[in-house]
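Residue numbers (the numbering used here): 3 to 343.
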């Protein structure tokens, strides 16, 4: 999509001017089933984008798919000078290693060097939710905030933090695993390498929404969800959301239940960080106020003042947030290196 203008300001708060021009950077939001690849130039325009499948069952296959997608972006825009990768896993950012991932074959993999060496370009990596939060802070719903918390709610729940205007990554880059805030010690066990029970990811993610939707369908056969289940349809988070938007009371209550659980976690995050804003992104955010108003009510009831007044808003950049944030990360990293040299 050549020359496609982003609906973002030319120089957002925190924008780092490129003293020695960087022509463009490739941004990649790598997911369990697909990836979003885009080229963003120094004017913050998206010059190329694609959403190839990410179906690597092993590391070699995944790297080949990723390399092919990156080369296609470089061929489309040869002025690319750097690569930014957002990856859904724990990251050790200094050596550029992917430590562990649930849906991808990335366990203690030096992904930054593997990609950088194959493509011959400076490569930077971060957690996918971190780069999404970075994008929303630079260009979206958290623009102008000094401190912001972002949760991306899809199959699981990822988290990103902006503190004092900059991404907070912790000692090694693994901070902000906000999906593993425990909201019910007697709740169901978490997945992957998390030893906890009752994590907000387990109780308020898209997976949880689908699970609660199926339970509701079984108990309310005359509801939209119940009729869908009886007809052999898949009762998933998308159907729950669509049914709720269409006015089905049972689906509305399912979303409210999940929203209240989310609000318990948000109240803790508000108490800890006192952010200017909490941003909710990911596919589940499509439910809007049907999810977020119950969450806001829970936050208001549970958080201490003044944190109980923390705004909770929907992300503005949608599915492009991770790709935009990864590209912006690469642009700013290269700019900083050139400014200091």
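Glycine is no exception: its CB is placed at the ideal position from the N, C-alpha and C atoms.
Distance check for residue 150 and residue 9, CA to CA, integer angstroms please. Only weak support exists for where residue 9 lies, its pLDDT of 44 falling under 50; the coordinates are left without a value.
In three-state terms, what does DSSP make of residue 330? helix
Sorted by chain position, which residues of the same chain lie with C-beta nearer than 6 angstroms to residue 335's C-beta, five sequence neighbours on each side aside? 126
Using the rule of at least 16 other Cβ atoms within 10 Å of the residue's Cβ for burial, across every protein chain shown, is residue 204 buried or exposed? buried
For residue 129, which residues does DSSP report across the bridge? 89
Do you know offhand how far residue 186's Cα is from residue 249's? 30 angstroms
Work out the CA separation of residue 184 and residue 326 for me, nearest whole Å. 30 angstroms
Per-residue burial, residue 337 [other beta carbons within 10 Å of its own, 16 or more giving buried]: buried
Are the beta-carbon atoms of residue 225 and residue 252 separated by less than 8 angstroms? yes
Compute the minimum distance between the beta carbon of residue 227 and the heavy atoms of the ligand GDP, and state whether it is under 7 angstroms. Of the ligands one can find in the structure shown there are none, so the ligand GDP has no counterpart to examine.
Cut-off 6 angstroms between Cβ atoms - residues of its own chain near residue 309, not counting five sequence neighbours on either side: 272, 273 and 276
I'd like to know whether the C-beta atoms of residue 281 and residue 143 end up nearer to each other than 8 angstroms. yes
Do you know whose CA, among 83, 319 and 161, lies nearest residue 90's CA? 161
Between the Cα of residue 139 and those of 157, 164 and 115, spot the shortest distance and give me the residue it belongs to. 164
Whose C-beta lies closer than 8 angstroms to the C-beta of residue 25 among residues of the same chain, with five residues either side of it excluded? 43, 44, 81, 82 and 83
If you draw a straight line from the alpha carbon of residue 34 to that of residue 105, how long is it in whole angstroms? 5 angstroms
On the three-state DSSP scale, how would you describe residue 260? helix
Spell out whether any CB of chain C is found under 8 angstroms from the CB atom of residue 270. Note that chain C does not occur in the displayed structure, where there is just one protein chain.
Where residue 222 falls, given that 16 or more other Cβ within 10 Å makes a residue buried: buried
In terms of alpha-carbon separation, which member of 213, 210 and 245 lies closest to residue 227? 245
Hey, how far is the Cα of residue 156 from the Cα of residue 46? 27 angstroms
Going by DSSP in three states, residue 84 sits in which element: helix, strand or coil? strand
Would you call the region 106-118 and the region 284-297 touching, i.e. three or more CB-CB distances under 8 angstroms? no
Residues near residue 214 by beta carbon distance below 8 angstroms, same chain, minus five either side: 242, 256, 259 and 260
Using a Cβ-Cβ cut-off of 6 angstroms (strictly less than) and excluding sequence neighbours within five positions of residue 78, which residues of its own chain qualify? 50
Alpha carbon to alpha carbon, how far is residue 169 from residue 333? Give it in angstroms, no decimals. 15 angstroms
Local conformation of residue 25 per DSSP, three classes: coil
Skipping 5 residues on each side, what residues in its chain have a beta carbon closer than 7 angstroms to that of residue 232? 223
Is the beta carbon of residue 296 less than 8 angstroms from the beta carbon of residue 262? yes
On the CB-based measure, 16 or more other CB atoms within 10 Å of its CB, does residue 216 come out buried or exposed? buried
Spell out the partners DSSP gives residue 40 in its beta bridges. 29 and 51
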